[in-house]
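The next block holds one structure in the form of structure tokens; read it before the comments.
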Amino acid sequence: MQVLKGIPVSPGVIQAPAVVLDSEEMVIPQRQIPPGEVESELQRLSDAIEKSSAELNDLSRKVSETIGEQLGEIFKVHHAMLNSAQLQGEFAQAIREQLLCPEYAVSTVLHGYARRFRDMKDPYLAERVQDVYDIERRLLRHLIGAKREHLKALDRPHILVAHDLTPSQTAALDRSRILAFATDVGGRTSHTAIVARAMNIPAVVGLQSVSTDTNGGEEVIIDGNRGLVIIAPDAETVQRYQTYMQQAQQLESDLTSLRDLPAVTKDGHEVTLHGNIEFPQEVATCLKRGATGIGLYRTEFLYLDREADPTEEDHYEAYAEAIKLLQGRPITIRTCDLGADKFTHVSGDESERNPFLGLRSIRYSLQHVDLFKTQLRAILRASALGPVRILFPLITNLRELRHAKMLLNDVREDFEEEGIPFDRDMKVGIMVEVPSVAILPRQFARECDFFSIGTNDLVQYTLAVDRLNERVAGMFTPAHPAIVTLIHNVVQAAKAEGVEVSVCGEMGGDPVFTLLLVGLGVDTISTAATSIPEIKKMVRSTSMRQARRVANKVLTLESDREIATYLNEVARQIIPEAFAEE
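Going by this note's numbering, the sequence shown runs without a break in its numbering and finishes at 676.
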């Protein structure tokens, strides 16, 4: 049994066999062969070894001639390892005695060597792990080749293990075949994590070596609540997790009973709870969980995995479907937040050294006016169907806000001339997610109708921490005193100007921060559907007076550790069953 600790990004506990997706998107099949096919499969392995050996010889020669003899020696070592009698004997033994297909035999044997190398205290020997993986990939390319298996070919549910997944790969996962996933890299607020939560698929990321530590077919437990992945769990662990899952199901049942009750504190203060969605069909899930509307419709997923940008009709149909499902409840549609880790077929070719500080979000829209106006037209048309608000992302200065509003007004004038119906009173808001806005919120409050605080980017830009970099994941925290102070200042300025404030980032979906946000004066919390019941429970279990005391206390604390410890203690007192000690 091996236990890996990572970053929990989507809650839930699942136990199932693993399917490993390697860096070249090859699925390593766990398949036994009939006894009569042993010799032919051994020959197939022999052919793959011969081809790999020839490649390594050729590679060693070319590298020695062009780069240097010393580097060419690396591939001579690979050649020697591949052709060792011991290694080939272990491959053959796995095929003859266990009737494993060559692909799975190669993966199982070499992963065993990799683990032994990694456990060695000698740093030089420990670094040989990458040599082992290089040999594995080379052999698998020849063994699998054109016969690559894909996730769609899985005949039963699995847990997906991979080095990384893009947001579009995650969105395309078939939930009937993939129950959960674990990756080597990633962060809590990556868009892959956001999509996982939206799809209600348990996930743990930032595990560093899970894709190489796991063999296809091994039984795995994904604990998306605690951020654990357990490979080949023993009987005691399996039993413990079965009990844990039963307790979690009971808590889920208890929270479900709150669905139709308002999010009102004990002393009568109501907090609006909305859902965040990527796709129209998620509306039903949000309502089922107790949301009273949609506070953030992320529209950039309309642009992904397409050969051409979406048309006005593509946009309109998606928005109209969501509005119809809401049946008169409000929806806030954010204009496309492209760039950074989300690219269209065009923007993906525009390489940037630091995309999070580059041409993304509203900047991208304002430089691609035709694309932007197409979306604005669709949103305005949809506003005639129900209560719609429009939200501009990553505003950093008044010039951007005014430019975006000017383009929106151009479309309004076009609609007036064309006689196209739309909501003339549709409210316009901005994401507060960069320090330049959070420091001077009153200027922006005078020129828009509402604020939506995007805590993911606000934390990233304020603390100078890459939110996708697992190596600094511990530094990415909304509990930092600077973040709390900025939110406090934004809320105070908004109240002075009569502007509503919501929080739509991951901070809003963490019940640990609920009392703090309510106490600071946040009007609306918008979060993933899975988080809504716990947030509602927190609101209904406290009073506004207590929430304000919590907020005032937090504003006096000097470190993120102090704040996190204090807020966890408060939350555990309110819902002890949801915050049990690990």
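Beta carbons: idealized from backbone N, C-alpha and C, even for Gly.
query: Can you list, in chain order, the stretches of the alpha helix (DSSP H) that have 4 or more residues and sit fully within the stretch 301-363?
result: 304-307 and 329-350
- request: Within its chain, find whatever has a CB closer than 6 Å to the CB of Pro535; leave out the 5 residues flanking it on each side and keep chain order.
  value: Within the sequence shown, residue 535 is the residue found at index 441, counting from 1. Same-chain partners within the cutoff: Val584 and Ala587.
message: Would Leu693 and Glu541 be called neighbours here (beta carbons separated by less than 8 Å)?
response: The chain is shown only over 95 to 676; residue 693 falls outside these bounds and no answer can be derived.
task: Give the range of the beta strand (DSSP E) segment to which Tyr391 is assigned.
output: Locating residue 391 in the sequence shown gives position 297, counting from the first residue. For Tyr391, the enclosing beta strand (DSSP E) begins and ends at Ile388 to Arg392.
- prompt: Are the CB atoms of Leu259 and Thr277 nearer to each other than 8 Å?
  reply: The count along the sequence shown starts at 1 and reaches residue 259 at position 165. The count along the sequence shown starts at 1 and reaches residue 277 at position 183. The answer is yes: Cβ separation under 8 Å.
query: Out of Arg457, Ala532 and Lys521, which has the shortest C-alpha to C-alpha gap to His497?
result: Here residue 497 corresponds to residue number 403 of the sequence shown, with the count starting at 1. Among Arg457, Ala532 and Lys521, the Cα nearest to that of His497 is on Arg457.
query: With which residues is Pro102 paired in a DSSP beta bridge?
result: As a working note, residue 102 is residue 8 in the sequence shown. Partner(s): Val298.
- prompt: If you draw a straight line from the C-alpha of Val97 to the C-alpha of Tyr335, how long is it?
  reply: Here residue 97 corresponds to residue number 3 of the sequence shown, with the count starting at 1. Here residue 335 corresponds to residue number 241 of the sequence shown, with the count starting at 1. Taking the straight line from one Cα to the other gives about 13 Å.
- request: Check Leu453 in the structure and name its three-state DSSP category.
  value: As a working note, residue 453 is residue 359 in the sequence shown. Correct three-state label for Leu453: coil.
query: Span of the beta strand (DSSP E) holding Val566?
result: In the sequence shown, the residue the question calls residue 566 occupies position 472. That residue, Val566, is in no beta strand (DSSP E); it is neither H nor E in DSSP.
query: Should Tyr391 and Ile371 be called a contact, given that it needs their Cβ atoms to be closer than 8 Å?
result: One-based indexing of the sequence shown puts residue 391 at position 297. One-based indexing of the sequence shown puts residue 371 at position 277. Yes. Within cutoff.
message: I'd like the list of long-range same chain contacts for Arg483, defined as Cβ closer than 8 Å, with 5 residues on each side in sequence excluded.
response: Within the sequence shown, numbered from 1, the residue matching residue 483 stands at position 389. Here the set comprises Pro424, Ile425, Thr426, Ile427, Met520, Lys521, Val522, Gly523, Asp543 and Phe544.
- prompt: In chain order, what residues of the same chain have a beta carbon less than 7 Å from the beta carbon of Glu600, not counting five sequence neighbours either side?
  reply: Indexing the sequence shown from 1 puts residue 600 at position 506. The residues are Arg282, Thr283, Thr549 and Asn550.
message: For the beta strand (DSSP E) containing Val644, name the first residue and the last one.
response: Counted from its first residue, the sequence shown places residue 644 at position 550. Not the beta strand (DSSP E): Val644 falls in the alpha helix (DSSP H), residues Met638 to Val648.
Under the three-state DSSP convention, the category Pro627 falls into: To locate residue 627, count along the sequence shown from 1; it is residue 533. It is helical.
query: Is the distance from the Cβ of Glu376 to the Cβ of Ala539 below 8 Å?
result: Against the sequence shown, residue 376 aligns to sequence position 282. Against the sequence shown, residue 539 aligns to sequence position 445. It is not a contact, given that the beta carbons lie outside the stated cut-off.
field: Assumed close pair Val226, Tyr207 - CB separation to whole angstroms, cut-off 8 Å
entry: To locate residue 226, count along the sequence shown from 1; it is residue 132. To locate residue 207, count along the sequence shown from 1; it is residue 113. Right, the Cβ-Cβ distance comes to about 5 Å (below 8 Å), so this counts as a contact.
query: Could you give the distance in angstroms between the alpha-carbon of Phe211 and the alpha-carbon of Leu237?
result: As a working mapping, residue 211 is identified with position 117 in the sequence shown. As a working mapping, residue 237 is identified with position 143 in the sequence shown. Rounded to whole angstroms, Phe211 to Leu237 spans 24 Å at the Cα level.
message: For Leu495, tell me which candidate among Gln537, Ser477 and Ala476 has the shortest Cα-Cα distance.
response: Locating residue 495 in the sequence shown gives position 401, where the first residue counts as 1. Looking at the Cα atoms, Gln537 is the closest of the given residues.
- request: Starting from His368, trace the beta strand (DSSP E) both ways and give me its first and last residue.
  value: Along the sequence shown, read from residue 1 onward, the residue named residue 368 stands at position 274. Here the beta strand (DSSP E) through His368 covers Thr366 to Ile371.
Exposure label - Arg269; buried when at least 16 CB within 10 Å: Position 175 of the sequence shown holds residue 269. Its Cβ having fewer than 16 others within 10 Å, Arg269 is exposed.
field: At least three beta-carbon pairs within less than 8 Å, the stretch 313-325 to the stretch 97-117
entry: Yes, since at least three Cβ pairs between the stretch 313-325 and the stretch 97-117 fall closer than 8 Å, the two stretches touch.
Beta-carbon gap between Ile229 and Leu204 smaller than 8 Å: In the sequence shown, the residue the question calls residue 229 occupies position 135. In the sequence shown, the residue the question calls residue 204 occupies position 110. Yes, they are a contact pair.
- prompt: Rounded to the nearest angstrom, how far is the Cβ of Ile127 from that of Leu193, given a contact under 8 Å?
  reply: Against the sequence shown, residue 127 aligns to sequence position 33. Against the sequence shown, residue 193 aligns to sequence position 99. Right, the Cβ-Cβ distance comes to about 5 Å (below 8 Å), so this counts as a contact.
- request: Compute the distance between the beta-carbons of Ala478 and Phe516, then report whether it is under 8 Å.
  value: For the purposes of this step, residue 478 is taken as residue 384 along the sequence shown, with counting starting at 1. For the purposes of this step, residue 516 is taken as residue 422 along the sequence shown, with counting starting at 1. Yes; because the gap between Cβ atoms is below 8 Å, this pair is in contact.
- prompt: Grouping DSSP H, G and I as helix and E and B as strand, with all else coil, what is Leu470?
  reply: On the sequence shown, residue 470 is found 376 positions in, with the first residue counted as 1. Here Leu470 sits in helix by DSSP.
field: Sequence-distant residues of the same chain with beta carbon closer than 8 Å to Glu149, five excluded per side
entry: Looking up residue 149 in the sequence shown gives position 55. Cβ neighbours of Glu149 beyond the five flanking positions: Arg232.
- prompt: Sorted by chain position, which residues of the same chain lie with C-beta nearer than 7 Å to Ala476's C-beta, five sequence neighbours on each side aside?
  reply: Against the sequence shown, residue 476 aligns to sequence position 382. Result list for Ala476: Tyr410, Tyr413, Ala414, Ile417 and Val482, in chain order.
field: Close beta carbons around Val505, own chain, < 8 Å, minus the five adjacent residues each side
entry: Counting from 1 along the sequence shown, the entry for residue 505 is found at position 411. Answer for Val505: Lys467, Leu470, Arg471 and Leu474, listed in chain order.
query: Are the beta-carbon atoms belonging to Leu611 and Val597 less than 8 Å from one another?
result: Translated into the one-based positions of the sequence shown, residue 611 becomes position 517. Translated into the one-based positions of the sequence shown, residue 597 becomes position 503. Against a cut-off of 8 Å, the Cβ pair of Val597 and Leu611 comes out as a contact.
- prompt: What does Val111 pair with, by DSSP beta-bridge criteria?
  reply: As a first step, residue 111 is located in the sequence shown; it is residue number 17 there, counting from the start. Residue identity check: residue 111 is Pro in the sequence provided, not Val. Paired residues: Glu313.
Same chain only: Cβ atoms within 8 Å of Val171, ignoring 5 sequence neighbours per side: By 1-based counting over the sequence shown, the position of residue 171 is 77. If we look at Val171 and ignore the five residues flanking it on each side, its Cβ neighbours are Asp225.
message: For Lys647, which residues in the same chain have their Cβ closer than 6 Å to its Cβ, ignoring the five residues on either side in sequence?
response: As a working mapping, residue 647 is identified with position 553 in the sequence shown. So no residue of the chain qualifies.
Selected residue, minimal CA-CA separation from Ala292, among Met500, Thr366, Thr379 and Asp317: One-based indexing of the sequence shown puts residue 292 at position 198. Cα-wise, what sits closest to Ala292 is Thr379.
query: In terms of residue numbering, what span does the alpha helix (DSSP H) encompassing Phe509 cover?
result: Taking the sequence shown and counting its residues from 1, the one referred to as residue 509 is at position 415. Here the alpha helix (DSSP H) through Phe509 covers Leu492 to Glu512.
- request: Return the Cβ separation of Leu139 and Ile189 in integer angstroms, given the expectation that the two are a contact with Cβ distance under 8 Å.
  value: The residue labelled residue 139 in the question sits at position 45 within the sequence shown. The residue labelled residue 189 in the question sits at position 95 within the sequence shown. Between Ile189 and Leu139 the Cβ distance is about 7 Å, and since that is below 8 Å, they are a contact.
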